[in-house]
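In this note's numbering, the protein residues as written are 6 to 374.
Using N, Cα and C, we set each Cβ at its ideal position, and we do this for glycine too.
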Ligand code: SF4
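Okay, here's the thing in structure tokens:
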């Protein structure tokens with residue numbers, strides 16, 4: 006038999022012993038308003054008139070390429086600009102990929118297409134064997150679109166994930182239009198450095214479902230030295246705002262797979278916590294406090310970082326057996342991994358700015374993708 010206890014009979018603890026409750030946390034993935042009943046990819050709802058306008062715009066951009074912020078103005082059917090890629094996209098790898106965020110890769114993988122080359126020249130590029138080298142196969146937009154269909158039908162992947170596509174946006178737009186005319190029903194992920202122009206994002210409007218930009222550094226002096234693009238942060242700010250205006254905050258269907266919206270990545274760099282904090286303030290203040298953010302911890306010296314500085318006289322002495330000094334090493338200031346403290350500082354800055362949707366392991370005991 007249950008005994009009834011009146012509320013007034015419960016002994017009250019003195020206020021000093023009552024622990025404040027932590028603020029209630031909304032579930033990141035499946036709570037409204039981020040839960041979708043169902044989702045139809047945007048390319049499937051495009052009218053035939055809108056599709057042919059996009060086709061014409063894509064060919065016009067290829068004939069006079071000012072599509073990314075490098076503004077080369079070249080005819081890509083005849084020559085190449087700074088990205089060194091002509092009218093055909095060069096593709097390094099096409100495969101179901103399991104190295105993305107759980108909500109992007111799901112159980113079956115993300116159908117990833119890794120494009121060769123890039124319109125940035127990051128000295129620390131974590132993917133430099135693909136992004137700095139012209140290795141791979143040249144594919145027409147139609148051949149590329151046929152691969153999306155293979156990924157859908159054979160790979161049973163959750164989405165088509167276009168990795169480093171900023172310099173092949175016309176080819177990408179044409180390939181999506183070809184694939185949707187031939188039965189593509191998967192959402193499109195645009196996995197970018199954020200060094201995109203507003204014109205290229207306009208061409209992608211209606212074709213892309215998830216924008217996955219990486220916001221790297223904040224200060225122009227830093228981006229000039231490390232990315233070889235002084236206007237990187239200004240460009241990334243405008244492009245990320247435009248991406249959010251198109252697709253909004255990241256939303257999921259009930260299976261926990263992201264279907265539409267913005268997911269911003271930020272790779273924490275050694276010694277750059279102050280710039281990271283500015284990026285977090287910008288995202289919370291000028292994009293959305295509900296912006297989904299993945300703070301990446303895996304920075305490691307790569308590409309040109311830590312290589313001998315061949316212009317230095319003593320570097321050649323280093324090659325003869327002596328240990329090179331810091332100034333004889335290229336980009337010595339980022340020639341180390343990030344520390345736990347640096348990562349924690351960036352996370353705290355993100356929370357202090359008001360962001361709350363992070364790519365964290367689940368807090369519950371159930372399965373999670
Ligand atoms: S996409 Fe390539 S050719 Fe076109 S403006 Fe950018 S770097 Fe130049």
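(request) Determine contact between the stretch 286 to 296 and the stretch 243 to 258, defined as no fewer than three beta-carbon pairs at a distance below 8 Å. (result) yes
(request) Would you give the residue range spanned by the alpha helix (DSSP H) that residue 163 belongs to? (result) Residue 163 -> no alpha helix (DSSP H), and no H or E assigned at all.
(request) Please work out which residues of its chain come closer than 6 Å, Cβ to Cβ, to residue 27, disregarding the five sequence neighbours upstream and downstream, and give them in chain order. (result) Low per-residue confidence applies at residue 27: pLDDT is 46, beneath 50, and the placement is therefore not dependable enough to give any value.
(request) Give the straight-line distance between the Cα atoms of residue 63 and residue 185, rounded to the nearest whole angstrom. (result) 16 Å
(request) Would you identify the three-state DSSP class for residue 227, choosing helix, strand or coil? (result) helix
(message) Quick check on residue 108: does DSSP put it in helix, strand or coil?
(response) helix
(request) Take residue 238 as the anchor and find which of 102, 125 and 175 has the nearest alpha-carbon. (result) 125
(request) Tell me the start and end of each unbroken beta strand (DSSP E) in the stretch 284 to 318 that is at least 3 residues and wholly inside, in chain order. (result) 297 to 301
(message) If I measure Cβ to Cβ from residue 30 and keep anything under 7 Å in the same chain, skipping five residues before and after, which residues do I get?
(response) Legend: pLDDT at residue 30 = 49, less than 50; position of this residue unreliable, value from coordinates given subsequently. If we look at residue 30 and ignore the five residues flanking it on each side, it has no Cβ neighbours.
(message) Please classify residue 213 as buried or exposed, where buried requires at least 16 other C-beta atoms within 10 Å of its C-beta.
(response) buried
(request) Assign residue 298 to one of two classes, buried (16 or more other C-beta atoms within 10 Å of its C-beta) or exposed (fewer than that). (result) buried
(message) If you reduce the DSSP assignment to three classes, tell me which class residue 27 lands in.
(response) With a pLDDT of only 46 at residue 27, under 50, the local geometry of the prediction cannot be trusted, and the value read off the model is given with reservation. Here residue 27 sits in coil by DSSP.
(request) Verify the contact flag: residue 172, CB atom, against every heavy atom of the ligand SF4, threshold strictly below 7 Å. (result) yes
(message) Threshold first: 4 residues or longer. Then list the alpha helix (DSSP H) segments lying entirely within the stretch 189 to 256, N to C.
(response) 203 to 209, 225 to 231 and 237 to 252
(message) If you follow the beta strand (DSSP E) that residue 179 is in, where does it begin and where does it stop?
(response) First-last for residue 179: 174 to 186, but that is the alpha helix (DSSP H), not the beta strand (DSSP E).
(message) Here's a check: name, in chain order, each residue in its chain whose Cβ is nearer than 7 Å to the Cβ of residue 147, leaving out the five neighbours to either side.
(response) 183
(request) Indicate the three-state DSSP secondary structure (helix, strand or coil) for residue 145 in the structure shown. (result) coil
(message) So, with DSSP's three-state summary, where would you put residue 334?
(response) strand
(message) Does any residue of chain B have a CB that is nearer than 8 Å to the CB of residue 75?
(response) The structure shown contains no chain B, having only a single protein chain.
(request) With a 10 Å radius around its C-beta and 16 neighbouring C-beta atoms as the bar for buried, classify residue 76 as buried or exposed. (result) exposed
(request) Using DSSP bridges, identify the partner residues of residue 41. (result) 258
(request) Check whether the Cβ of residue 72 sits closer than 7 Å to any heavy atom of the ligand SF4, and report yes or no. (result) yes
(message) Using only the alpha-carbon positions, how far apart do residue 352 and residue 59 sit?
(response) 40 Å
(request) Take residue 153 as the anchor and find which of 194, 139 and 122 has the nearest alpha-carbon. (result) 194
(request) Using only alpha-carbon positions, find the residue among 106, 205, 294 and 48 that is nearest to residue 187. (result) 48
(request) My understanding is that residue 162 touches residue 101, with C-beta atoms under 8 Å, so please give their C-beta distance in whole angstroms. (result) 5 Å
(request) Out of 43, 134, 111 and 115, point me to the one whose CA is closest to residue 121's CA. (result) 134
(request) Work out the CA separation of residue 355 and residue 268 for me, nearest whole Å. (result) 14 Å
(request) Within 10 angstroms of the Cβ of residue 362, are there 16 or more other Cβ atoms? Answer buried if so, exposed if not. (result) buried
(message) Which of the three DSSP states is assigned to residue 96 in this structure?
(response) strand
(request) Using alpha carbons as the reference points, say which of 350, 210 and 78 lies closest to residue 56. (result) 210
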